[in-house]
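Peer 1:
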Amino acid sequence: MPETRIILEHAGADGSESLSFYLKHGGYEAARKALSMKPQEIIDAVKASGLRGRGGAAFPTGLKWDFVPKDDPRPRFVIANCDEGEPGTFKDREIVEKYPHLLLEGMLIAARAIEAHQGFIYVRAEYPKAQGILRAAIAEAEKEGFLGENIMGTGFSFRVKVYGGGGAYICGEETALIESLEGKRGHPRLRPPYPVSYGVYGMPTVVNNVETLSNVPFIIKNGPEWYRAMGTKDSTGTKIFTVSGGVRRPGVYEFRFGDLTLRELIDEYAGGVKGKLVGVIPGGLSTPILRPEELDVRLTYEDIQRAGSLLGSGAVIVVNDAVPLASVARRSLEFLAHESCGKCTPCREGSTWLARLFREIELGHKNGNPDRIRHVIEGMRGKCFCPLGEGAVAVAGAFINKYEEEL
Amino acid sequence: MMNGFRERIRELKAEFPMGDSALIPSIHEAVSRFGALSRDVAVVIADELGTKPEHVEAVASFYHLIKRESVGRFHFLVCTNLSCMICGAYDLFGWMKELLGVEPGQTTPDGLFSYEEAECIGSCDLAPAVLLNGERIGPLDTRDKLKNLLDGLRREVGNA
Ligand SMILES: Cc1cc2nc3c(=O)[nH]c(=O)nc-3n(C[C@H](O)[C@H](O)[C@H](O)COP(=O)(O)O)c2cc1C
Ligand code: SF4
Ligand code: FES
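Sequence lines, in order, name chains A and B.
Residues are numbered in my numbering as their position in the first sequence, beginning at 1, plus a constant of 660.
Residues are numbered in my numbering as their position in the second sequence, beginning at 1, plus a constant of 876.
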C-alpha cells in the first residue's frame, strides 16, 4: 500500500515554504471558499468529515468548534499547538518548516468558523527555525492580504502571532499552554471549564494541534465526503507517522488510516528493525509499549486502542536490543518525572519513585521492585490532576506487566 | 543598554491583548541580549510589566531552556531521550565530556563550548541528535563526527 501524501504532498519541494509556491498549488482557495460560507456551515463540514485531533487525545474537531458559545460577545481566540514535546514526534516540525501556509490557512478557516480575530501559534523553544519560518510566512501572508485586516477583500480580519515556549513538555497540554501564554508557570487548569468557553484571558478559545488544523483546508476544498472516504469509520483521513529508534530508515510517513499495520510500517517503510526487535511504542513515549507479537495491528485510533495502547501523536519508537529494556523503561519514567509540573502530589512524587525503582532494576536489583512499582502505580491511578500522571501509570504498567521476565 | 531593553519590553507588551503575555517573550529577549536572566534584568522586566522580580524568576525557573547562567558561545543540548538513547546518545554524551574536558553545565576555559543533557528535541530522525545554538545536527554516531564538528567550530572562530 503506497503512502497517501495529502498534507505533506508538496512539503520539502524547492521553495515550498513560500507564499508564491503555496498559491501555485491552490493555496488559500479553501480559505476564500470558507470566507464565503456561514460559520456554522464550516463547523458542519468539519464535523461531517470525522476529523479528530492529531495532538494525542483524538477529540472530534468539529464538535470542539461547535462548543464555542454562539451568542457570546467576548472575543475568541484560535491557538495552534506546536509544542510537540512528546518524545518521538517531529511531524508538526515538518509541516511548519516546509509548508507553513497550510497551517496558517487552516487557522484562518478555524477563525472564520468560531469568529475569532486573533490567533497564536505556540511553538516549542527547541524549534527556533520553525519560529522564524512561521514569522516570515505570516508577514508574507499579511502583505498579500491573506491575513490581517480585510482578508481577500471580505472584511474579515485575523492576525496571527508566534509565541515561543520555554522548554517544558507539560506546556503542550492545552490548559498549561494557555497559562504559559498568559505569562505563568505551565500548570494545567481544572477542566471544566474547557478552553472553548474559558481559555486564554478567560475568553472562548479553540486549541488544535498543527496537523489537525492542516487537514482543514483539504476538507473545505474537497468536501467532507471526499475526506471521509479515506480511512475507517472512526479514523478518517490521513495520519502522519514519525518512525524513529531502532530502524534503518527513520523518518516521516503519511498514510490513510487503516491502510497498513504497525509491522508493515516498520518493515516495509522504515527499512526494518536494526538488531533484535524488543517492542514498539506506537504513539510517543507516553503511550504503552507493545510486544513484538502485538504489531499486526492496523494503524487506526480504534485498532491500537484495542491492542491496549494509543495512537497518540503517531510517533512510532522502535525499541531494539541496542540498550537494555530496563534502561528504556527507566529513561521513559525519568522523562515523565522530569516533566511533571509538580502541581499534584501523586504525579510529582509517584513519577519520581517510578523512575527510581526502574533505575534499581536497571542496575540489576530486581528483588521486590516490580511489586513496589505496582504499589506506586496503584497509589497514582485515577488520582493525577492531568493526563501526564495517568500516562506515567500506563507506561510503567506496560513495562512491568508485559516484560517482567525480561527486565 | 538597559534603555533599549526597556523599549523592547514595551513593544512586546503592546503586541499582546494583555501585557502579562509579554513576560516570557521578555525573558527570551533578555537571555538573547545578555546571555542569561540576571537579577538586575528581572528587576527591569518586573518594573515594565507591573509585577515583582520574584514572579519573573519564578516563571523563568519553571522552563528548562531559559538560561539563568551564561553558557558557552556554542551550547549543545544533547538529547538522551528514547530514540537517541537507542541510537547511542550515551556514547555521544561521553565523547562530549572527553573531547571538551568539562562537566555538563560547565563552560570550556576559552568560553567556546558548553553542553547539557536534554529531553527529546524533535530531531529523532537524526538520532543521536544535538541542538547546537538552536540548529539540529545528527546523527553524531561516531567520535570522529563529533570531533570534526568541534574542530570546524574552532576553525570558524579562529578565522573570524
Ligand atoms: C502532557 C501533555 C502534553 C501534550 N502535548 C501536546 C503537544 O505537544 N501538542 C499537541 O498538539 N497536543 C498536546 N497535548 C494534547 C493537548 O492537550 C490538546 O488535546 C490538543 O492540543 C488539542 O488539539 P487537537 O484536538 O487538535 O489534537 C498534550 C497533552 C498532554 C496531557
Ligand atoms: S499530573 Fe503531573 S503534570 Fe499533571 S498536574 Fe499533576 S503534577 Fe502536573
Ligand atoms: S529522542 Fe532525541 S531527538 Fe527525539
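The beta-carbon is built from N, C-alpha and C at its ideal position, and this holds for glycine as well.
Under a three-way DSSP split, which group does residue 816(A) fall into?
Peer 2: Residue 816(A) falls in the coil class under three-state DSSP.
Peer 1: At a threshold of 7 Å, does residue 1003(A) count as lining ligand 2 (C-beta to nearest heavy atom)?
Peer 2: Residue 1003(A): yes, Cβ under 7 Å from ligand 2.
Peer 1: Which residue's Cα is closest to the Cα of residue 979(B): 962(B), 1002(B), 954(B), 964(B)?
Peer 2: For residue 979(B), the nearest C-alpha among the options comes from 954(B).
Peer 1: Quick check on residue 1038(B): does DSSP put it in helix, strand or coil?
Peer 2: As displayed, chain B neither begins before 877 nor continues past 1036, which places residue 1038(B) out of reach and without an answer.
Peer 1: Anything in chain E within Cβ reach of residue 995(B), meaning under 8 Å, just list it in chain order.
Peer 2: Here the protein chains are A and B, and chain E is not one of them.
Peer 1: In angstroms with no decimal places, state the Cα-to-Cα distance between residue 946(A) and residue 940(A).
Peer 2: If you take the alpha carbons of residue 946(A) and residue 940(A), they lie about 12 Å apart.
Peer 1: Would you say residue 782(A) and residue 825(A) are within 8 Å of each other, going by their C-beta atoms?
Peer 2: Yes, the pair counts as a contact, with Cβ atoms nearer than the cut-off.
Peer 1: Under the assumption that residue 935(B) contacts residue 843(A) (Cβ atoms under 8 Å), give the Cβ distance between them as a whole number of angstroms.
Peer 2: Residue 935(B) to residue 843(A), Cβ: 7 Å. Contact.
Peer 1: From the DSSP output, in three-state form, read off residue 1000(B) for me.
Peer 2: Helix.
Peer 1: Is residue 737(A) close to ligand 2? I mean its beta-carbon at under 7 Å from any heavy atom of the ligand.
Peer 2: Not under cutoff, so the answer is no.
Peer 1: Pick out whichever of 1033(A), 841(A), 958(A), 957(A) has its Cα sitting closest to the Cα of residue 939(B).
Peer 2: Closest option to residue 939(B), Cα to Cα, is 841(A).
Peer 1: For chain A, find out if any of its Cβ atoms is closer than 8 Å to the Cβ of residue 959(B); answer yes or no.
Peer 2: So yes, residue 959(B) belongs to the interface.
Peer 1: Following the continuous beta strand (DSSP E) through residue 947(A), name the residue where it begins and the one where it ends.
Peer 2: Neither: residue 947(A) is in no beta strand (DSSP E) and is coded neither H nor E.
Peer 1: Any idea what DSSP makes of residue 847(A), helix, strand or coil?
Peer 2: Coil at residue 847(A), not helix or strand.
Peer 1: Are the CB atoms of residue 1036(A) and residue 976(A) nearer to each other than 8 Å?
Peer 2: Going by C-beta atoms, residue 1036(A) is not nearer than 8 Å to residue 976(A).
Peer 1: The alpha helix (DSSP H) spanning residue 689(A) covers which residue range?
Peer 2: Segment 689 to 695, the alpha helix (DSSP H) holding residue 689(A).
Peer 1: If you measure from the CB of residue 958(B), is any heavy atom of ligand 3 nearer than 7 Å?
Peer 2: Yes, the Cβ of residue 958(B) comes within 7 Å of a heavy atom of ligand 3.
Peer 1: For residue 1005(A), which three-state DSSP category applies?
Peer 2: Residue 1005(A): helix per DSSP, three-state reduction.
Peer 1: Which residues of chain B have a Cβ atom closer than 8 Å to the Cβ of residue 750(A), listed in chain order?
Peer 2: Within 8 Å Cβ-Cβ: 998, 999, 1000, 1001.
Peer 1: Relative to the C-alpha of residue 998(A), which candidate in 1011(B), 899(B), 956(B) has its C-alpha closest?
Peer 2: For the residues 1011(B), 899(B), 956(B), the minimum Cα distance to residue 998(A) belongs to 956(B).
Peer 1: Give me the Cβ distance between residue 755(A) and residue 763(A), rounded to the nearest whole Å; I'm assuming they're in contact under 8 Å.
Peer 2: About 6 Å separates the two Cβ atoms, so the contact holds.
Peer 1: Which residue wins for smallest C-alpha separation from residue 817(A), given the options 1032(A), 773(A), 832(A), 854(A)?
Peer 2: Nearest option by C-alpha distance: 773(A).
Peer 1: Apply the 10 Å Cβ neighbour rule to residue 871(A) and answer buried if 16 or more other Cβ atoms are within range, or exposed otherwise.
Peer 2: Residue 871(A) comes out buried.
Peer 1: How far does the alpha helix (DSSP H) with residue 920(B) in it extend, from its first residue to its last?
Peer 2: Here the alpha helix (DSSP H) through residue 920(B) covers 915 to 925.
Peer 1: Cα separation between residue 779(A) and residue 738(A)?
Peer 2: The alpha-carbon atoms of residue 779(A) and residue 738(A) are separated by roughly 5 Å.
Peer 1: Give a yes or no on whether the C-beta atoms belonging to residue 1067(A) and residue 985(A) are separated by under 8 Å.
Peer 2: Going by C-beta atoms, residue 1067(A) is nearer than 8 Å to residue 985(A).
Peer 1: So with CB distances below 8 Å, who are the chain B contacts of residue 980(A)?
Peer 2: Correct list: 962.
Peer 1: Report all residues from its chain with a CB closer than 8 Å to the CB of residue 965(A); omit the five preceding and five following residues, and keep chain order.
Peer 2: So the qualifying residues of the chain are 971.
Peer 1: For a quick check, are the C-beta atoms of residue 1007(B) and residue 1015(B) less than 8 Å apart?
Peer 2: Against a cut-off of 8 Å, the Cβ pair of residue 1015(B) and residue 1007(B) comes out as no contact.
Peer 1: Taking Cβ positions only, does residue 891(B) come closer than 8 Å to chain A?
Peer 2: With 8 Å as the cut-off, residue 891(B) counts as an interface residue toward chain A.
Peer 1: Could you list the residues in the region 775 to 790 of chain A with a C-beta less than 8 Å from some C-beta on chain B, going in chain order?
Peer 2: The residues in question are 778, 784, 785, 786, 787, 788, 789.
Peer 1: For a contact meaning CB atoms closer than 9 Å, what does residue 945(A) contact in chain B?
Peer 2: The contacting residues are 957, 958, 996.
Peer 1: Compare the C-alpha of residue 725(A) against each of 936(A), 1022(A), 745(A), 736(A) and name the closest.
Peer 2: For residue 725(A), the nearest C-alpha among the options comes from 736(A).
Peer 1: Looking at C-beta atoms only, is the number of pairs between the region 860 to 871 of chain A and the region 679 to 699 of chain A that lie closer than 8 Å three or more?
Peer 2: Touching, no.
Peer 1: Starting from the C-beta of residue 1068(A), find all residues in its chain whose C-beta is less than 6 Å away, skip the five residues before and the five after it, and write them out in chain order.
Peer 2: The shown model of chain A, from 661 to 1067, leaves out residue 1068(A), and the question about it has no answer.
Peer 1: State buried or exposed for residue 985(B), treating a residue as buried only when at least 16 other CB atoms are found within 10 Å of its CB.
Peer 2: That one is exposed.
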